[in-house]
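Residue numbers (the working numbering): 1 to 528.
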């Protein structure tokens, strides 16, 4: 596959396709001429090590890229593909070398999903004296320019306002100018927890066993990146366009109906892939651009029209794709490059070792981090209200949290991961993405999961040997940031509850200090 013989000798355009741009309809490929243009793809070791990436995350990107290159060749396109084994250096270095050899008239690329990648590639192209043709990414439903116009001079932009604007603009779940079901948002109905019997019987998601191309990548990753976190033992993701469509149909047929009701619920001990519960398993395919958000939304809306899924589940899913996904992408390009260094709460602690090992007595963290390390996946509440909440309460550096999330999840691409981590999870942007910090005590985790039943710590205790660290750190967080949030309209009640704990605060502060000392005293194992 590496640097395959090319029929094109006089290259008009070199078309760069990145690992998260595996879309045959992309703007970069839209007017490709097989006789004069060459598609350029490169597996760069630098992209696997920019953060200490989970083995499964590396394998997802490399395997999906190799499948896509095979598809392009089958369609008669000339592809120059560099494998990891080629040792071509960084993406920019590899591109610069090929520009020097091929001397194309221009380099065409759909806008990358990461600010750093766009900057380094542009610099390499301009240094070579070649025209840089960076095109709008029309995979998304709202262009960067349209988002900039929408956000305009809004002092307090909110995703809900954007989401309603997008609903009106696109017509999805709209009828005669009004929202289907009579409400814009069914979120209040979609916060259910499982009963003590758990999730119950349900069909496992469709499996996608590794084919020879994927297995070759798994063997490569095991050899080359075996010291990276995570495991490849349960690797099972849709990595081609055909498999992505099968995954979409499987979700709509078997899990969409209950998705809304229990989308926030968590449950321990679930075998993979049942650990996905009623979630879609589509974020990987969407973020690789093997699926188009339009066809995904159409499929779930059609299920509601056909009477196969209730409006609460369908609206909740559409809100994630049409609302949240588009909103965070818009904010990313509005606020980069400063966004990555936002730290409104001045959190400075290093990331605790347990995030890389899963070794801890705290059951919720053990389950969530353990699941993440085994599979490279955890659903949105596990990310926000277990791993993210703990980092926020503890006072971990937002950038360290961002780099961990980018490293360990197979669906992580910076345009979507960074805003969710910096803004939603860690409140490091001071309230731009989320109007309040998502802080809670152990009681929330107890209500939404069975984790606490297998933990020696009690969610109602803030001090003592059996105190829940989330509860201890929750009260400590409010105490440390009392002046910031005392008059905050959505935090006032929580801060005022501190008054009832005045006598306990010295003990809580001491317990929180002991937790920080114990949990961040050792450096991260391995890696960079």
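Just so you know, even glycine gets a beta-carbon here, dropped at the ideal spot from N, CA and C.
For clarity, every value in this text was computed on a predicted model and none was experimentally measured.
Residue from the options with nearest C-alpha to residue i
i	options	result
residue 409	447, 374, 331	374
residue 219	233, 427, 163	233
residue 293	49, 78, 142, 508	142
residue 24	302, 387, 288	288
residue 424	436, 413, 415	436
residue 235	224, 251, 217	217
residue 507	487, 472, 495	472
residue 411	347, 116, 177, 378	378
residue 244	296, 443, 450, 204	296
residue 157	478, 449, 430	430
residue 483	125, 178, 345, 67	345
residue 357	364, 370, 347	370
residue 324	339, 147, 362	147
residue 421	485, 331, 354	331
residue 67	214, 209, 15, 125	214
residue 466	186, 185, 362	362
residue 187	88, 118, 261, 180	261
residue 154	302, 451, 432, 446	432
residue 185	171, 196, 160	160
residue 35	73, 55, 50	73
residue 46	120, 102, 29, 16	120
Residue i vs residue j beta-carbon contact at 8 Å
i	j	result
residue 474	residue 453	no
residue 518	residue 476	no
residue 69	residue 41	yes
residue 256	residue 207	no
residue 110	residue 137	yes
residue 469	residue 461	no
residue 92	residue 123	yes
residue 259	residue 317	yes
residue 48	residue 22	no
residue 84	residue 224	yes
residue 337	residue 115	yes
residue 513	residue 463	no
residue 17	residue 39	yes
residue 268	residue 450	yes
residue 102	residue 29	no
Cutoff 7 Å; reference residue i; Cβ partners in own chain excluding five residues on either side
i	result
residue 130	99, 104, 106, 107
residue 349	394, 395, 396, 397, 516, 520
residue 140	326, 329
residue 341	399
residue 434	423, 424, 427
residue 304	311, 314
residue 247	206, 238, 281, 282, 285
residue 384	424, 425, 438
residue 20	113, 287, 288, 289, 413
residue 128	96, 99, 100
residue 5	Residue confidence is low: residue 5 scores 41 on pLDDT, short of 50, so the model does not pin down where it sits. No coordinate-derived value is stated.
residue 168	174
residue 529	Within the shown structure, residues of the chain are numbered from 1 to 528, placing residue 529 beyond reach of any answer.
residue 495	478, 482, 485, 486
residue 172	297, 301, 318, 322
Proximal residues to residue i (C-beta, below 8 Å), its chain only, five neighbours per side dropped
i	result
residue 3	Here residue 3 scores only 42 on pLDDT, less than 50, and its place in the model should not be relied on; the value that follows carries that caveat. Result list for residue 3: 80, 81, 82, 86, in chain order.
residue 165	150
residue 57	230, 376, 407, 408, 409, 410, 412
residue 490	435, 436
residue 479	498, 505, 508, 509
Neighbourhood of residue i by C-beta, 6 Å cutoff - its chain only, sequence neighbours within 5 removed
i	result
residue 352	519, 520
residue 144	333
residue 10	none
residue 62	43, 217
residue 401	391, 421, 426
residue 240	67
residue 181	311
residue 416	328
Presumed contact (8 Å Cβ cut-off) between residue i and residue j, rounded CB distance
i	j	result
residue 382	residue 360	So it is not a contact: roughly 15 Å between Cβ atoms.
residue 90	residue 44	6 Å
residue 75	residue 37	Their Cβ separation, rounded to whole angstroms, is 13 Å, which puts residue 75 and residue 37 out of contact at 8 Å.
residue 309	residue 300	7 Å
residue 339	residue 291	Going by Cβ atoms, the distance from residue 339 to residue 291 rounds to 26 Å, so no, they are not a contact pair.
residue 386	residue 365	6 Å
Any chain B beta carbon closer than 8 Å to residue i
i	result
residue 456	Considering every chain present, this structure includes no chain B. It has just one protein chain.
The ligand NAP heavy atom lying under 7 Å from the CB of residue i
i	result
residue 422	No copy of the ligand NAP occurs in the structure displayed, which carries no ligand at all.
For the segment 113 to 158, list the beta strand (DSSP E) runs that are entirely contained and at least 3 residues long, ordered along the chain. Correct list: 131 to 135.
Ranges of the alpha helix (DSSP H) found wholly within the segment 425 to 495, counting only runs of at least 4: Counting only runs that start and end inside the segment 425 to 495, the alpha helix (DSSP H) elements of at least 4 residues fall at 442 to 448, 469 to 480, 482 to 485.
Which runs of the alpha helix (DSSP H) fall wholly inside the segment 289 to 375 and span at least 4 residues, in chain order? Listed in chain order, they are 293 to 305, 311 to 318, 326 to 335, 354 to 357, 363 to 375.
Beta strand (DSSP E) runs wholly inside the segment 23 to 54, at least 3 long, in chain order: DSSP runs (the beta strand (DSSP E)) wholly in the segment 23 to 54: 37 to 42.
Jot down the residue ranges of each uninterrupted alpha helix (DSSP H) in the segment 385 to 422, minimum 4 residues, whole runs only, in chain order. Complete alpha helix (DSSP H) runs here, min 4: 389 to 394, 398 to 408, 414 to 419.
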